[in-house]
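First the structure, in the form of structure tokens, and then the observations on it.
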Amino acid sequence: MSGSVSSGLVWPDYHKNNVQKAANREPSDTLGKDQFLSILVAQLRNQDPMQPMQDKEFIAQMAQFTSVEQLMNMNTALTQMRNSIGSASSLIGKWVQWNEYDEAGAIQSLSGQVESIVSKDGILYSRIGDKEVALDYLLSISESEPQPPSTDGGSEEEATP
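When the letters of the sequence shown are read in order and numbered with numbering that gives the first Met the number 0, they come out as residues 0 to 160.
Structural data, given as structure tokens:
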């Protein structure tokens, strides 16, 4: 047994070994929705007009086609969600800045450290203290706390009397 541990399951599969495996993977032999539809169309074209396919068989095949299509769409959506959350999780621990309106309607610039990522209704939010900020509203991301802009009006020093 070797001294290192390797896993094929790395969230979200961005480990270099997994990327290389995916690039070298042979084309899948599974039946996709396009192939399924072309088989169904060929079957309809070649049916005997004197003995047409029974309705219940046709309905069953259409139901299967619909199920296959929906499962493929669900798989695509789950993969996209996993990739989104996986890349958004890299924000945890980073400092972010965003703008928000105060009660008077003035824009204020806020910053904080991302504690977690939350998904609500398909939108990803960064949780910063008691606030949840949509990732679309983040203005900057940094490793360290941003420095507030200088308000002294420049580098001139005031003369002391």
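From the three backbone atoms N, C-alpha and C, an ideal C-beta is built for every residue, glycine too. If you're wondering where the values come from, they're calculated on a predicted model, not measured in any experiment.
Item to complete: Please report how far the alpha carbon of K119 lies from the alpha carbon of E144, in whole angstroms.
Response: 27 angstroms
Worksheet item: Any idea what DSSP makes of A103, helix, strand or coil?
Response: coil
Practice prompt. Following the continuous beta strand (DSSP E) through E131, name the residue where it begins and the one where it ends.
Written response: 130-133
Discussion item. Three or more C-beta pairs under 8 angstroms: does that hold for the stretch 125-145 against the stretch 80-93?
Written reply: yes
Practice prompt. Evaluate L123 with the Cβ neighbour count: other Cβ atoms within 10 Å of its Cβ, from every protein chain shown; 16 or more gives buried, anything less gives exposed.
Written response: buried
Worksheet item: Does DSSP classify Q34 as helix, strand or coil?
Response: helix
Worksheet item: Any idea if V40 is buried or exposed, counting beta-carbon neighbours within 10 angstroms, 16 or more meaning buried?
Response: exposed
Worksheet entry | When L36, G128, I106, E99 are compared against S66, the one with the closest alpha-carbon | L36
Worksheet item: Taking all protein chains shown into account, do 16 or more other C-beta atoms lie within 10 angstroms of the C-beta of Q146, making it buried, or fewer, making it exposed?
Response: exposed
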